[in-house]
DNA sequence: TGACAACATGTCATTTCTGACATAGGCTCA
DNA sequence: TGAGCCTATGTCAGAAATGACATGTTGTCA
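Set out below in structure tokens:
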């Protein structure tokens, strides 16, 4: 588990595809973070496809623009719960959510 | 979102397969809860298959027996985050987690 | 240039989740 | 019977996540 470790590392670099075992992340931690990244990315895609601003979308999910920005950045302060709820509001089905979670993003060696 | 509503309803009945739109749950809320139920069920299955007591498993995930019991009961106080982390510790891959999330449980009319 | 919209990032009070603990019920074995 | 597990459930202090707000950045249009 060890949130503290992950949180601070997450706050730092990577953000995008090449999720790092850079420093001492366990495989489980890596998998968990990659899921979050995949979900975050998909949220942005769907939101844009529906031509919603972060602010408009925030109202839909009863949240705030800043939190939406953090969701899409897969900020450490955002839970899987929130990401998945957001996707459901964007019209994703259970199966679609599953597909997103299963998706591998490209590895950087 | 509306946690309060869900929480109290979840505390009450259903538990098993036939997730209710009993009372006024939105489709999204239903989907979300069904995911939790599916994950919870799978955690128990895997834990038993590995012949771990709740107490032993709790130590593996740095938690407590009571929280494991609540996870497996899909208690309202347990987050998706925790359920998924637990599954990863039990050896589930990202794809397996996805499969579990996608799984429909039988509807009661 | 300025005004405006969209997005990013930091902070913080409140809400929610978490581990730990206590306690109870069920089951098995002697 | 009782001792020893295992699981369920309630409670609660402390930890983490949340929405809201402030402020900064970037791009566009005139």
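Residue numbers (the numbering used here), protein chains in the order written: chain Z, 1 to 109; chain B, 110 to 218.
Think of the CB as a built atom: it goes at the ideal place given N, C-alpha and C, for glycine as much as any other residue.
#1: With a threshold of 16 other CB atoms inside 10 Å of the CB of residue 47 of chain Z, please say whether the residue is buried or exposed.
#2: Please classify residue 145 of chain B: is it buried, with 16 or more other beta-carbons within 10 angstroms of its beta-carbon, or exposed?
#3: What is the rounded straight-line gap between the Cα of residue 175 of chain B and the Cα of residue 163 of chain B?
#4: I'd like the span of the alpha helix (DSSP H) that includes residue 175 of chain B, first residue to last.
#5: Any idea what DSSP makes of residue 93 of chain Z, helix, strand or coil?
#6: Which one of B/214, B/151 and B/138 has the shortest CA to CA distance from residue 197 of chain B?
#7: Report yes or no: is there a C-beta of chain B within less than 8 Å of the C-beta of residue 95 of chain Z?
#8: Determine, for residue 89 of chain Z, whether the minimum Cβ-Cβ distance to residues of chain B falls below 8 Å.
In terms of the structure at hand:
#1: buried
#2: buried
#3: 8 Å
#4: 174 to 181
#5: coil
#6: B/151
#7: yes
#8: yes
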